[in-house]
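Each remark here refers to the structure printed beneath this line.
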Amino acid sequence: GSDERKIHKSISVGADCIVYDLEDSVSLNKKGTARHMIIDALEHGKAEKAVRINAIGSGLELDDLNVILHSKRLQAIVIPKVQTAKDINFVSRMIDSVAIERERIKLIASVESALAIMNIREIATADPRLDALIFAAEDYCADLGLIRTPSRKEMVFARQSIVNAAAAYGLQSLDLVCVDYQNQDILREECAEGREFGFTGKQAIHPDQIPIIQEMFLPDPGDLSRAIKILEGYEHHKEKGVGAFSLDGKMIDMPVVKWAEKLISRAKAGGMDNPKLSTEASGIGTASSTKK
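Residue numbering for the sequence shown follows the working numbering, starting at -10 and increasing by one per position.
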């Protein structure tokens, strides 16, 4: 937030959302300068603009909010170190009291501690403005005294708890930062794992990470083709009053159809072209139980 070179470069990067930081990356004696630099940066560029404020209870959050909420271009606030719903409620009340464009501002909660995971349900349902949950891996590991490993197995419970809560309450879920920002293989591995877990996106700390993350979080073309075949098969059999059916030797029922609908929706949102498939050549058949 106080690095003029990085702020200027952020205007032209192709990220879906740019988050300007007032917290950890800004030294205490630069907070005031950073606030006003960020206010100016919010006026430029086409990407969604968000600001990460200082943690609630730090003594710095009020000054952050009293400055950034006067911007007409602010679209989201990242709240770090969220512990309970009260942290989110406080920021929402400040928006109501101070913001110029209060209707457009979304909230993003950063989950960074054991207590936050224990309170994940109340956090996820704290306020209608809440749009997403972020997993802050390094802070979480520090809070629990975990040993960070290349396998990331020590964080599976926390990551899947966040995905589950986000899916249950209609929020986005954003996976951990890849700190090995120069290693594209590790980034791709983390992205693939995050997608498998159910995360809807991933944080980036370097512009070079953005194209890979965007590519990896789009549906796999093979999965997209299968999803379209599933929906075609469903429509074909629905007209005949058939619920479950077989496709390429596998049974398809409503949970699988819902998966296909979500995947296609994600592909459309990401601008992917949907291949045209015909049900006549898709291996569709009516499901039946047979004895051998």
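Beta carbons are placed, not taken as given, at the ideal position from N, Cα and C, and that holds for glycine.
Note that the coordinates shown come from a computational prediction; the quantities given were computed from them, not determined experimentally.
Just grab the DSSP bridge partners of Lys191 for me. BP columns for Lys191 point to Asp164.
Measure the C-alpha to C-alpha separation of Glu228 and Leu236 and round it to an integer number of angstroms. 17 Å
Locate the alpha helix (DSSP H) running through Ala126, then write down its first and last residues. First-last of the alpha helix (DSSP H) with Ala126: Ala126 to Leu133.
Neighbour-count burial assignment, Glu12, 16 or more Cβ in a 10 Å radius: buried
Under 9 Å between C-beta atoms of Leu290 and Phe124: Residue 290 falls outside the range modelled here, since the chain spans only -10 to 281, and no answer is possible.
Classify Tyr223 as helix, strand or coil using the three-state DSSP reduction. helix
In chain order, what residues of the same chain lie with their CB nearer than 7 Å to the CB of Lys95, ignoring the 5 residues before and after it? Gln64, Ala65, Arg118 and Asp120
Would you check if the distance between the CB atom of Leu163 and the CB atom of Ile97 is smaller than 9 Å? yes
Length of the line joining the Cα atoms of Lys218 and Ala147: 34 Å
How big is the Cα-Cα spacing for Gly187 and Asp5? 19 Å
Which value, in whole angstroms, describes the spacing of the CA atoms of Ile106 and Gly230? 44 Å
What's the gap between the Cα of Thr279 and the Cα of Trp248? Any reading at Thr279 must be qualified, since the residue scores a pLDDT of 35, below 50, and its modelled position is unreliable; the value itself is stated next. Their backbone Cα atoms lie some 27 Å apart in a straight line.
Pop quiz: Val145 and Leu122 are said to be a contact at Cβ under 8 Å. What is the actual Cβ separation, rounded to whole angstroms? That pair is no contact at about 16 Å.
Endpoints, the alpha helix (DSSP H) within which Glu204 is located: Gln198 to Met205
Same chain, Cβ closer than 6 Å to Val8, neighbours up to 5 away in sequence not counted: So the qualifying residues of the chain are Ala39, Arg41 and Val67.
For Ile42, which of helix, strand or coil comes out of DSSP? coil
Classify Arg82: buried if its beta carbon has 16 or more other beta carbons within 10 angstroms, exposed otherwise. Arg82 should be labelled exposed.
Status (buried if at least 16 other CB within 10 Å, exposed otherwise) for Ser60: buried
Cut-off 6 Å between Cβ atoms - residues of its own chain near Lys281, not counting five sequence neighbours on either side: Confidence is the limiting factor: at Lys281 the pLDDT is only 36, short of 50, which leaves the residue's position unreliable, though a coordinate-based value still follows. Nothing listed; no residue qualifies.
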